[in-house]
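Colleague:
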Amino acid sequence: MSKDTQAMKLHLVALLAFLVAPKALGTGHLSLRALAKSLGTSTLLQSVEEAKRLVDYSYGRTQARLREKLRRQNASPADILVSFKQPVGKTRAAVQAADYMHVALALLKETLQSAVPGDFNVTDLLTPAQMLTIYKATGCSHHDRQTTQCDDKSPYRTITGECNNKRIQTLGASNRPYARWLLQEYEDGVSLPRGWTGTKRYNGFLLPNVRQVSNAIVRFPNEKLTDDKSRSVMFMQWGQFIDHDMDFGPGVTATLTFMKGVDCDRSCAKAPPCFPIVVLRDARTFEGHKRVWIWSRMAC
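Read left to right, the sequence shown gives residues -26 to -1, 1 to 274 (mature numbering (1 follows the signal peptide of the UniProt record, and there is no 0)).
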């Protein structure tokens, strides 16, 4: 962490301690939302700058290691897949802006937690003006306001998907967030997938190990399969079509955690952008190892 960032955090913690003091003295209650409102523009921008430094470092280290593996010809099939799916150009810029924003929010949450313990969603506490400041500083707003010039006379579809829908030129275009048809169910309300905290219960139950679920489905005996009375095989085919579309999304840009710089391949630490999948001891393969799942890149 840079000296400027350390100084900023110390200054902010001191400010928050001063603001929280009236609550301890019994002279009034100051909510987390009020604490978040105390974050000035300079503090928000400093968090964004620190986020950019952390993300750029993780990107750079990952790319350097990947190039070295390819040069030495000791890259694994997974490394080669990562190399093929590297986002470039506008796609890389959009992915990078999203990472800047998410890390900046994580830094702000970390700072607020130093004054008030407990779990909370930092985006619920920041004002619309504060969120807009972060949105602009990270570069997210630039990708949202890009205009598209369409040739109405052209009979051809575009490879980027732009202008293929005459009413909404960007519908189905590349470098755009996927449409969300169901409400999100993130563990922290922002971006962490459910199951991130292994001890967290949902409806009174712990989530099962994802690898066990996958293996149970694959090993289900064919003789026990029954026909679905309400769906045809087209239902499966449609799901596969959607899945393949998602598979072509931007791939891994960093295999080091943003906040601490930990190597995802050599650690079981759960920290974005890496999510280790536990391989149980009774597993027939990958014995003594773990598998790291790195999800598709986020959007602003």
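In this text, a Cβ means the ideal position worked out from N, Cα and C, and glycines have one as well.
So, S81 versus E24, is the Cβ gap smaller than 8 Å?
Modeller: Ser is not the amino acid found at residue 81; the sequence shown has Leu there. Yes, Cβ-Cβ distance for L81 and E24 is below 8 Å.
Colleague: Apart from the five residues just before and just after L28, which ones in its own chain have a Cβ nearer than 7 Å to its Cβ?
Modeller: Correct list, in chain order: V77, F232 and M233.
Colleague: Could you tell me which residues DSSP puts in a beta bridge with F179?
Modeller: DSSP lists Y176 as partners of F179.
Colleague: Give me whichever residues DSSP pairs with D237 in a beta bridge.
Modeller: Paired residue(s): L230.
Colleague: What number of angstroms, rounded off, separates the C-alpha of A10 from the C-alpha of F215?
Modeller: The alpha-carbon atoms of A10 and F215 are separated by roughly 43 Å.
Colleague: Take every Cβ of the segment 88 to 96, pair it with every Cβ of the segment 38 to 49, and state whether three or more of those distances are shorter than 8 Å.
Modeller: They do not touch, by the three-pair rule.
Colleague: Who are the Cβ neighbours of S115 in its own chain at under 6 Å, not counting the five residues just before and after it?
Modeller: Answer for S115: Y109, listed in chain order.
Colleague: Nearest to P151 by CA position, among V69, G14 and C248, is which residue?
Modeller: Ranking V69, G14 and C248 by Cα distance to P151 puts V69 first.
Colleague: Are there three or more Cβ pairs, one per stretch, closer than 8 Å when the segment 218 to 233 is compared with the segment 55 to 64?
Modeller: Yes, since at least three Cβ pairs between the segment 218 to 233 and the segment 55 to 64 fall closer than 8 Å, the two stretches touch.
Colleague: For A74 versus T112, is the C-beta spacing smaller than 8 Å?
Modeller: Position check: residue 74 holds Tyr in this sequence, whereas Ala was assumed. In this structure, T112 lies closer than 8 Å to Y74 by Cβ.
Colleague: Only counting runs of 4 or more residues, tell me where the alpha helix (DSSP H) segments fall wholly within the segment 188 to 221, in order along the chain.
Modeller: With a minimum length of 4 residues, the continuous alpha helix (DSSP H) runs that stay inside the segment 188 to 221 are 207 to 221.
Colleague: Exposed or buried, what is K203 when buried is set at 16 or more other beta-carbons lying within 10 Å of its beta-carbon?
Modeller: Label assigned to K203: exposed.
Colleague: Around the C-beta of N48, are 16 or more other C-beta atoms found within 10 angstroms, so that it is buried, or is it exposed?
Modeller: Answer is exposed; the Cβ neighbour count stays below 16.
Colleague: Hey, how far is the Cα of A184 from the Cα of C238?
Modeller: Rather than Ala, the amino acid found at residue 184 in this sequence is Val. The straight-line gap from Cα to Cα measures roughly 18 Å.
Colleague: For K93, report the span of its alpha helix (DSSP H) as first-last.
Modeller: The amino acid occupying residue 93 in the given sequence is Asp; Lys does not appear at that position. Run containing D93: none; DSSP gives neither H nor E here.
Colleague: Does the separation of the CB atoms of T122 and E136 fall below 8 Å?
Modeller: Result yes, Cβ atoms of T122 and E136 sit closer than 8 Å.
Colleague: Please report the Cβ distance between G230 and T17, rounded to the nearest whole angstrom; I am assuming they are in contact, meaning their Cβ atoms lie under 8 Å.
Modeller: The sequence as given places Leu at residue 230; Gly does not occur at that position. About 26 Å separates the two Cβ atoms, so there is no contact after all.
Colleague: Under 8 Å between C-beta atoms, does L82 make it to chain B?
Modeller: The structure shown contains no chain B; it holds only a single protein chain.
Colleague: In whole angstroms, what is the alpha-carbon distance linking Q158 and R168?
Modeller: For Q158 and R168, the distance between alpha carbons rounds to 10 Å.
Colleague: With M105 as the anchor, note down where its alpha helix (DSSP H) starts and where it stops.
Modeller: M105 -> alpha helix (DSSP H) spans P102 to A111.
Colleague: Between C248, I191, R193 and T65, which has its C-alpha nearest S148's C-alpha?
Modeller: Selected option, being the one with the closest Cα: T65.
Colleague: Is it true that the CB of N95 sits closer than 8 Å to the CB of D30?
Modeller: No, these two residues do not count as a Cβ contact at 8 Å.
Colleague: Ordered along the chain, which non-local residues of its own chain (more than five positions away) have a Cβ less than 7 Å from that of V22?
Modeller: Within the same chain, V22 has close Cβ partners Y74, A78, I108, A111 and T112.
Colleague: Run through the segment 111 to 140 for me and flag every whole alpha helix (DSSP H) of 4 or more residues, listed as ranges in chain order.
Modeller: Within the segment 111 to 140, the complete alpha helix (DSSP H) runs of at least 4 residues are 114 to 118.
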